[in-house]
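Protein chains in written order, with the numbering used here: chain A, 18 to 848; chain B, 631 to 773.
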């Protein structure tokens, strides 16, 4: 049984981390809120909340009376920080405890460790060390083991490079973090790692480098490009005209700094208005690595001086040292490494991750320390069974914020609560639990909003209650929202028929909006009668469109065009459905640019007389074909039923013909005819769907046999998987009564086979020969001749990749009618 | 319906985040400099591709999609309880803060079931902030 501590914490001046040793490796836990491993060691007290980390950091500079940072430096002193908003003081121990408690929240494994290793700087004396232990206890740990930071870093290194022999050697740990610098001489004395000497500067770190980039590189450049008076002063002053720009540029400088670690120059892009009102739009200032190195050189040289001091004090020569181990984010800068190596002549070691090395080392150390709770026997967090929480809030809301209130029964003294939104957008911070609590919760629009509600004791251990989550549906999830009763689909051409593409599915909650891009499958000459039809129908998307109810119809006619629309042009369609089910269709034709728009509503159905009569014709043709087929197959029962449809069909046809003579007919005849057409179509579909299904099932089986053989012979893993997936789903689509589903599976099968065939030499050669046989009809004879020559050569060379390319180009030379074996019918003109 | 968040945090490849951030910058630039070449249409298409088509996640039948949406928090109020923003306060005040500059937008991921068989209501959607917005906030000036 594992009885080791395993948990290590780097309680840093600027940033803190927590890591755990588990089965030989160390995991550094991430902040559940954001993705960082680090937690800013900053605590803030605002509006009765306790904020730790990033949230507190925001207010650090501006509200230093309520937000405290860098308290680690005051550990072990009697100094305390007056917190204005609390009207009381907090000691560095209490503040550190807040950071430690917050780190507990990073542990996603559900563990609540009682023993932990916490790191301290080499410079900490007994009093400071004890104060750190106190902070650990205040945070609820029962056992706190301390470890010096340079040793932690060395352990991280030693565990990573297990083959390196460090016996009888000494080295330097050079720790340049975000805001502090520490350097220590580490030695193995009688088999134990020991810090022999150390130096440091509490006000030197990477954030100073960002400021230097802005001050010395960007600002002078900016002054050349615009008219600015006292630019730097105006940037740095809180009241200054360019204070906003200062903060903006600090961020950009930090990004540039990171980029300069791997590149020789970085660009900073921003916009600014100068004193004379000239707007410098998207100004680009380039920072080169050498410029950056020049501005930080002095600072790095200072750190080298401190390092040298240690050597002098210990009467050591650089060659006595094995290496300088680099720790801290600022050591990512190549110049820091280079300069130190240059000034001291000691090899620089960058074998560990500078940001988390100390926490990692602490966890390795923790893995060797046994849990020893002594008298402080484990006391599990008391399940406060007496805490009853009664909540009141709206489960569904149209607002951006919703009030949550709760009544708490039971003893609330010393307890806190915290509410967090599970998507990581909201955190109430720790707040004192009282008999009645009220909180405004911000809601993400059109989504389920989940909040976690947790009660904590004073040591940040969760306390069991009878309530733990808040769920609020915002916007379209509102139960009051109207639902769409049927699918809405767009009619598209497919092979020699049409297919339906679902735009909105049944039960979508209104309002809804979506975008579809379609390809034009036939050319529309401007000024001509050609047209593209955007038809929206209501009803199951698996149906044939004539069965469904047409609710929207938009024509793009050649007459309304200034330019031709060529085949293959994309049309962007936007469909918007309002709560009252008004459908707005917007069509944007690219690249000629005209826009077409129309609003439809369910009470005012659009039926185009012209389209109606074409649909009736189409249906008539289909009916005749089906009947003939049924007779041929001796399926007399179906044939007889189809026969009965012929009379109403003929009547319908006659009336539609009459109506088409007056396309501006104002009566509701067209709607009546449309309804009759749909009824006939429905019956026809019903009578013939069994046959279609049967045919498709047979077709599927045949395709499956053929494609399986191809896959077995030449398919790769991916294709085998694809085939298996289709096989696995076979029982569902074969049993289905919608032909569309089987058709989709067949299409998928052929797709797999064409993937394979395209790399199969025999197929490629065969395809090439087929194309050669059509050489007379190819559009560009000269090019065709060249391509055929090339193709022959590729076959001789067995260069099949190139043959594939040649085939593709030859194919494109075929006349339009030859390209697709089936002549496509263009009913809508989109596909 | 009960929607359970995934047990592990979604990892988005850095290149995808870079692309989304660049897209945002492109959109901002077009807004500043005018859209003489009708570029916004292409930007919107790319945005839609991220927001609606998304990336397949997880093994198996590939029915889960991760879509990415970015949000421009410009002009939104900022409070200490907002954790989708990394804010720097400019000026002296710390109350009534609003976002006055956006350095990076908020990027959210939405997990969707793409089977198309489900209605929006039943479709499991789980949203997560995958990139905090980096912004500068300032006390809103009284009118």
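Glycine included, every Cβ here is placed at the ideal spot set by N, Cα and C.
Interface flag, residue i vs chain A, CB-CB below 8 Å
| i | result |
| --- | --- |
| residue 738 of chain B | yes |
| residue 678 of chain B | yes |
| residue 650 of chain B | no |
| residue 646 of chain B | no |
| residue 713 of chain B | yes |
| residue 663 of chain B | yes |
| residue 580 of chain B | The displayed coordinates of chain B run from 631 to 773. Any statement about residue 580 of chain B would go beyond what the structure contains. |
| residue 750 of chain B | In this prediction, residue 750 of chain B scores a pLDDT of 46, lower than 50, which makes its location untrustworthy; the coordinate-derived value is nonetheless stated afterwards. Answer yes: the Cβ-Cβ gap between residue 750 of chain B and chain A drops below 8 Å somewhere. |
| residue 771 of chain B | no |
| residue 731 of chain B | yes |
| residue 666 of chain B | no |
Boundaries (first-last residue) of the alpha helix (DSSP H) holding residue i
| i | result |
| --- | --- |
| residue 174 of chain A | 166-177 |
| residue 666 of chain A | 653-677 |
| residue 271 of chain A | 260-277 |
| residue 375 of chain A | 374-383 |
| residue 780 of chain A | 778-790 |
| residue 215 of chain A | Here residue 215 of chain A belongs to no alpha helix (DSSP H); instead the beta strand (DSSP E) covers 209-218. |
| residue 696 of chain A | 686-731 |
| residue 154 of chain A | 143-155 |
| residue 628 of chain A | 626-649 |
| residue 310 of chain A | 306-330 |
Contact with chain B by residue i, beta-carbon distance below 8 Å
| i | result |
| --- | --- |
| residue 72 of chain A | yes |
| residue 255 of chain A | yes |
| residue 23 of chain A | no |
| residue 75 of chain A | yes |
| residue 443 of chain A | yes |
| residue 495 of chain A | Confidence at residue 495 of chain A is low in this model, with a pLDDT of 41, below 50, so the placement of that residue should be treated as unreliable; the coordinate-derived value is given next. Judged by the 8 Å Cβ criterion, residue 495 of chain A is not in contact with chain B. |
| residue 63 of chain A | yes |
| residue 354 of chain A | no |
| residue 435 of chain A | no |
| residue 464 of chain A | yes |
| residue 561 of chain A | no |
| residue 460 of chain A | no |
| residue 370 of chain A | no |
Burial state of residue i (16 or more Cβ within 10 Å)
| i | result |
| --- | --- |
| residue 220 of chain A | exposed |
| residue 37 of chain A | buried |
| residue 813 of chain A | exposed |
| residue 726 of chain A | exposed |
| residue 571 of chain A | buried |
| residue 180 of chain A | exposed |
| residue 542 of chain A | exposed |
| residue 712 of chain B | buried |
| residue 664 of chain B | exposed |
| residue 752 of chain B | For residue 752 of chain B, the predicted structure reports a pLDDT of 43, less than 50, and the residue's modelled location is therefore unreliable. A value from the coordinates is still provided. Exposed: under 16 other Cβ atoms inside 10 Å. |
| residue 539 of chain A | buried |
| residue 482 of chain A | buried |
| residue 128 of chain A | exposed |
| residue 645 of chain B | exposed |
| residue 332 of chain A | exposed |
Neighbour flag for residue i against chain E, beta carbons, 8 Å
| i | result |
| --- | --- |
| residue 250 of chain A | Here chain E cannot be found, since the structure's protein chains are A and B. |
First through last residue of the beta strand (DSSP E) which encompasses residue i
| i | result |
| --- | --- |
| residue 473 of chain A | 465-473 |
| residue 807 of chain A | Element bounds for residue 807 of chain A: not the beta strand (DSSP E) but the alpha helix (DSSP H), 798-814. |
| residue 851 of chain A | The structure shown has nothing for residue 851 of chain A, since chain A only spans 18 to 848. |
| residue 588 of chain A | 587-594 |
| residue 192 of chain A | 187-193 |
Touch test, the region 668-688 of chain B against the region 720-735 of chain B, Cβ-Cβ under 8 Å, three pairs minimum: Touching, no, given that fewer than three Cβ pairs across the two stretches are closer than 8 Å.
Contact set between the region 715-729 of chain B and chain A, restricted to residues whose Cβ is under 7 Å from the partner: Cβ contacts with chain A: 716, 717, 718, 719, 720, 721, 722 and 724.
Can you confirm whether the region 18-33 of chain A touches the region 83-95 of chain A when touching is taken to mean that 3 or more C-beta pairs between the two stretches lie within less than 8 Å? Touching, yes.
Residues in the region 290-305 of chain A having any Cβ partner in chain B nearer than 7 Å: Taking 7 Å as the Cβ-Cβ cut-off against chain B, the residues of the region 290-305 of chain A that qualify are 298 and 299.
Is it true that the region 358-373 of chain A meets the region 316-324 of chain A, where meeting means three or more beta-carbon pairs spaced less than 8 Å apart? The region 358-373 of chain A vs the region 316-324 of chain A: in contact.
I'd like to know if the region 685-692 of chain A and the region 649-660 of chain A are in contact, where contact means that at least 3 CB-CB pairs between them fall below 8 Å. Judged by Cβ distances under 8 Å, the region 685-692 of chain A makes no contact with the region 649-660 of chain A, as fewer than three pairs qualify.
Would you say the region 180-189 of chain A touches the region 303-311 of chain A, given that touching needs at least three Cβ pairs under 8 Å? Judged by Cβ distances under 8 Å, the region 180-189 of chain A makes no contact with the region 303-311 of chain A, as fewer than three pairs qualify.
Assess contact between the region 756-768 of chain B and the region 734-741 of chain B, defined as three or more Cβ pairs (one per stretch) separated by less than 8 Å. Is contact present? The region 734-741 of chain B and the region 756-768 of chain B touch, with three or more beta-carbon pairs separated by less than 8 Å.
Going along the region 700-711 of chain B in order, which residues come within less than 9 Å of chain A, judged by CB to CB distance? Flagged, chain order: 708, 709, 710 and 711.
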